[in-house]
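See structure below.
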Amino acid sequence: MAFYDPLTGLPQRQMFIGHMEQALAELARDEEMQGAVLMLDIDDFRKVNETYGLDVGDQILREIGRRLSTAIRPHDSVSRATGDEFMVLLTLLGADRVAAARHALKVAEKLHDVLAGQPFQVGNASITIQVSIGLTMLDQRSTKISQVLQEAGMALHRAEEKGGDCVVFFSSCIQARIEERLSLERDLSVALKTSQLRMDLQPQYGEDDRVVGAELLARWTHPERGIVSPAQFIPVAMEAGLMPRLTRWSLQVACETLVRLQGHGIECPISVNINPHSLLRPDFVPSVQETLAQTGALAGGLIFEITEEAWLGDLELAARRMQALNRLGIRFSIDDFGSGFTNLTYLRRLPLDELKIDRSLIQGLPEDADSQAIIRMILGMARQLGLRVIAEGIETGEQAGFLFAHGCDAVQGFWKARPMPIEVWVAAQTRSLGCQERR
705 MAFYDPLTGL
715 PQRQMFIGHM
725 EQALAELARD
735 EEMQGAVLML
745 DIDDFRKVNE
755 TYGLDVGDQI
765 LREIGRRLST
775 AIRPHDSVSR
785 ATGDEFMVLL
795 TLLGADRVAA
805 ARHALKVAEK
815 LHDVLAGQPF
825 QVGNASITIQ
835 VSIGLTMLDQ
845 RSTKISQVLQ
855 EAGMALHRAE
865 EKGGDCVVFF
875 SSCIQARIEE
885 RLSLERDLSV
895 ALKTSQLRMD
905 LQPQYGEDDR
915 VVGAELLARW
925 THPERGIVSP
935 AQFIPVAMEA
945 GLMPRLTRWS
955 LQVACETLVR
965 LQGHGIECPI
975 SVNINPHSLL
985 RPDFVPSVQE
995 TLAQTGALAG
1005 GLIFEITEEA
1015 WLGDLELAAR
1025 RMQALNRLGI
1035 RFSIDDFGSG
1045 FTNLTYLRRL
1055 PLDELKIDRS
1065 LIQGLPEDAD
1075 SQAIIRMILG
1085 MARQLGLRVI
1095 AEGIETGEQA
1105 GFLFAHGCDA
1115 VQGFWKARPM
1125 PIEVWVAAQT
1135 RSLGCQERR
């Protein structure tokens, strides 16, 4: 059991590393021993286990091992590394480095097709999987096993970054990309302790042109990199395990903003994005309660914007977390509604208050007939369920006019206001209130 995986019968990681060490030793004596290492990962295999059960998952893993073993040459080897990750060692690829690399890539593509191109029959179920593969060469420049495994891992990571279900060959560009990613992780960790991060505020407007709410948006100004887009640093935060800290910071700023607004007599709900994984953490609800108590903010002024990812993993757990926060007074909004696949039964089972229509559905308005039909359908469904609707990404008065004419409650976008520093907006609102009082 120390050397062979009891489920698939394949060599374990330790034996595979022994094979690699032997290949490196032979490579030092014979240039024609050039080889390659492939690292394979089954994309979202967790969903197979959740949908069909662990027994079915085990049967598929055994079949994966069998397919890989029969698809390689006798002098090559395959290993089950961990869970749904496998590794393949190719040897005797010849002395020509270009030809050897081309051969290795063809084998990787063949193995991808062997696994992803043919469904797995388990009982009455026909299950198709997707596979990401990272590939690196084992040649004269390879000096350490750890280096080769690191390169294969980097290539696999890049394949997953690209959306999975593909083969990626390791290159110096990938290494530079990974190193840049690690550098960004370190910088973000520092930023969370300094004033580099800030929240901008973008107001939301009703049909009467009055502000009915505002969303807080994270912004990062790096001392050397300049402005770093949320599209760049949010995925880094998730991968680096920094999301809980970023979420706590966001919540802290949202509560402090509410208190400032209340101090000026401004009644305006504040929306803040909450990462789905943070919502499912057992310490999240106590953390929210602690922040509310510490700042003195009223929970009824908070709206947590979440994406459907929050309940795709564990609907019952997400519902319990949301209900506990809802009892405190916090409301919930589905962010980016319409950008992915939302199971509409969730709209009845979860304590939701509003939907935010994704900007991608707004772009065709008001001319595009398909966009009109989709928007009308969403607005009609929301009215039936008693949900408020906010449309984001509004850039023209014509878009806003169509939305309001068909029952949309509020709009958000560059048409009315770009995101701005919180203090700038608070000052403007305070001046506006002062003018109203004088009148």
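Number 884 in our numbering belongs to position 180 of the sequence shown; there are no gaps in the numbering.
C-beta: ideal position from N, C-alpha, C; glycine also.
{"query": "C-beta atoms of L888 and F824 nearer than 8 Å", "result": "no"}
{"query": "Burial state of K866 (16 or more Cβ within 10 Å)", "result": "exposed"}
{"query": "CA-to-CA distance, T755 to Q738, given in whole angstroms", "result": "42 Å"}
{"query": "7 Å CB neighbourhood of I978 in its chain, flanking five on each side removed", "result": "T951, F1008, E1009, I1010"}
{"query": "Paired residues, beta bridge with V907 - DSSP", "result": "Note that residue 907 corresponds to Pro in the displayed sequence, not to Val. DSSP, once it has assigned bridges, lists A918 as partnering P907."}
{"query": "Secondary structure of F874, DSSP reduced to three states", "result": "coil"}
{"query": "Length-filtered (3 minimum) beta strand (DSSP E) runs lying within the segment 979 to 1053", "result": "1006 to 1010, 1035 to 1041"}
{"query": "Other residues of its chain near S1075: CB distance less than 6 Å, five sequence neighbours each side excluded", "result": "G1068, L1069"}
{"query": "DSSP-derived helix/strand/coil call for N828", "result": "coil"}
{"query": "Residue environment, P710, which counts as buried when at least 16 other CB atoms sit within 10 Å", "result": "exposed"}
{"query": "Range of the contiguous alpha helix (DSSP H) that encloses R777", "result": "First-last for R777: undefined, no H or E at that position."}
{"query": "Straight-line Cα distance separating Q908 from E1141", "result": "Because E1141 carries a pLDDT of 40, less than 50, the predicted location of this residue cannot be relied on, and the following value inherits that uncertainty. Near 23 Å, if we compare the C-alpha coordinates of Q908 and E1141."}
{"query": "Among I849, S991, R890, M858, nearest to A944 - alpha-carbon criterion", "result": "R890"}
{"query": "Rounded C-alpha distance that separates R1135 from L1048", "result": "43 Å"}
{"query": "Distance, F1118 Cα to C1139 Cα", "result": "Any reading at C1139 must be qualified, since the residue scores a pLDDT of 44, below 50, and its modelled position is unreliable; the value itself is stated next. Taking the straight line joining both Cα atoms gives about 25 Å."}
{"query": "C870 versus F707 - alpha carbon distance", "result": "29 Å"}
{"query": "Helix, strand or coil at A1114 according to DSSP, with G and I counted as helix", "result": "strand"}
{"query": "Beta carbon of H968 nearer than 8 Å to that of M947", "result": "no"}
{"query": "Nearest residue (CA-CA) to G910, options K814, I1079, F1108, M743", "result": "F1108"}
{"query": "G1068 - containing alpha helix (DSSP H), residue span", "result": "Segment: none, G1068 is in no alpha helix (DSSP H) and carries neither H nor E."}
{"query": "Residue interval of the alpha helix (DSSP H) (run including F720)", "result": "717 to 733"}
{"query": "The alpha helix (DSSP H) enclosing D1092, as first and last residue numbers", "result": "Per the sequence shown, the amino acid found at residue 1092 is Arg instead of Asp. Where R1092 is concerned, there is no enclosing alpha helix (DSSP H), although the beta strand (DSSP E) it sits in stretches over 1092 to 1096."}
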